[in-house]
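One structure below.
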Amino acid sequence: MKRFYLLFLGSAIPFALVMFAISISDNSWQRAVALAVIMGFLFGSGVAQGLTWWLNRRKRNEEKKD
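Convert by adding 1 to the 1-based position in the sequence shown; the result is the number in our numbering.
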């Protein structure tokens, strides 16, 4: 679970900063922050779940070989 949180934060924070920088030009800062937080959570959870699934699958395959 610790790996999931690290992957989540490592992917969500940079994406949220990019989304904030993109959306601040067209919206107020309050709306840009809300959009960045929501999109950061969505993107971060997707990336973390995908990488966790891939790493667990790779670990299981290595254990089968031994």
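The C-beta atom is built at its ideal place from N, Cα and C for all residues, glycine as well.
When the Cα atoms are used, L36 and S26 turn out to be separated by approximately 13 Å. Shown here, S29 sits in coil according to DSSP, grouped into three states, outside any helix or strand.
Taking a 10 Å sphere around the C-beta of M20, we find 16 or more other C-beta atoms and assign the residue as buried.
The Cβ atoms of A17 and G41 lie closer than 8 Å to each other.
M20: member of the alpha helix (DSSP H) spanning 3 to 24, first to last residue.
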